[in-house]
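Counting in the UniProt record's numbering, the sequence shown runs from 1 upward without gaps.
Quick reminder that beta carbons are idealized off the backbone N, C-alpha and C, glycines included.
Model, not experiment: these values are computed from the prediction.
One structure is given below, encoded as structure tokens.
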Amino acid sequence: MNEDRIAQLEKFLEESPNDPFLLYALATEYKEEIPQKAKKLFDELLEKHESYIGTYYHAAALYAEFFDRDIAEEIYQKGIALAQKNGEHHALRELQNAYTNFQFEE
């Protein structure tokens, strides 16, 4: 976790609170060391910026590792459906692969 990068992202987020990339970047910074903060940010992204496709992969992985596997599965499924709908082939492949691995971990 890079404290300087977090401070910079938080400053940018104050200036542009509706920028999904800033929320996403901050969530990924917190993901390993403070998963509860990352969860809060990913939840906000999923609620307010549901079309931000990058969220789904990392949010689902976070839920699978630290919180609730049932919710992780829902997030994977929603992300896959969104990627299919929007023709985002790269994101679709990544989500499908991650979801398949997730299913084998059960």
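Examine the Cβ distances between the region 49-61 and the region 70-87 and report whether three or more of them are shorter than 8 Å.
Between the region 49-61 and the region 70-87, the count of Cβ pairs shorter than 8 Å is three or higher; the stretches touch.
So, are the CB atoms of Leu-45 and Pro-20 less than 7 Å apart?
Here residue 45 refers to the residue found at position 45 of the sequence shown. Here residue 20 refers to the residue found at position 20 of the sequence shown. For Leu-45 and Pro-20, yes; Cβs fall inside 7 Å.
To the nearest angstrom, how far is the alpha carbon of Glu-10 from that of Glu-105?
Numbered from its first residue, the sequence shown carries residue 10 at position 10. Numbered from its first residue, the sequence shown carries residue 105 at position 105. Straight across, the Cα-Cα distance linking Glu-10 with Glu-105 is about 35 Å.
Just tell me which of Ile-71, Phe-67, Arg-69 and Ala-61 has its CA closest to the CA of Ala-98.
Translated into positions along the sequence shown, residue 98 becomes position 98. Nearest option by C-alpha distance: Ala-61.
Would Ile-6 and Glu-29 be called neighbours here (beta carbons separated by less than 7 Å)?
Within the sequence shown, numbered from 1, the residue matching residue 6 stands at position 6. Within the sequence shown, numbered from 1, the residue matching residue 29 stands at position 29. Taking a C-beta distance under 7 Å as the contact criterion, Ile-6 and Glu-29 qualify as a contact pair.
Between Gln-36, Leu-95 and Ala-25, which lies nearest to Tyr-63 when the distance is taken from Cα to Cα?
Your numbering for residue 63 matches position 63 in the sequence shown. Checked all of Gln-36, Leu-95 and Ala-25; the closest Cα to Tyr-63 is Gln-36.
So for Pro-20, helix, strand or coil by DSSP?
To locate residue 20, count along the sequence shown from 1; it is residue 20. Helix at Pro-20.
Express the C-alpha separation of Glu-65 and Ile-71 in angstroms, rounding to a whole number.
Residue mapping note: residue 71 aligns to position 71 of the sequence shown, counting from 1. Residue mapping note: residue 65 aligns to position 65 of the sequence shown, counting from 1. If you take the alpha carbons of Ile-71 and Glu-65, they lie about 11 Å apart.
Three-state secondary structure (DSSP) of Glu-33
Locating residue 33 in the sequence shown gives position 33, counting from the first residue. Per DSSP, reduced to three states, the secondary structure at Glu-33 is coil, with no helix or strand assignment.
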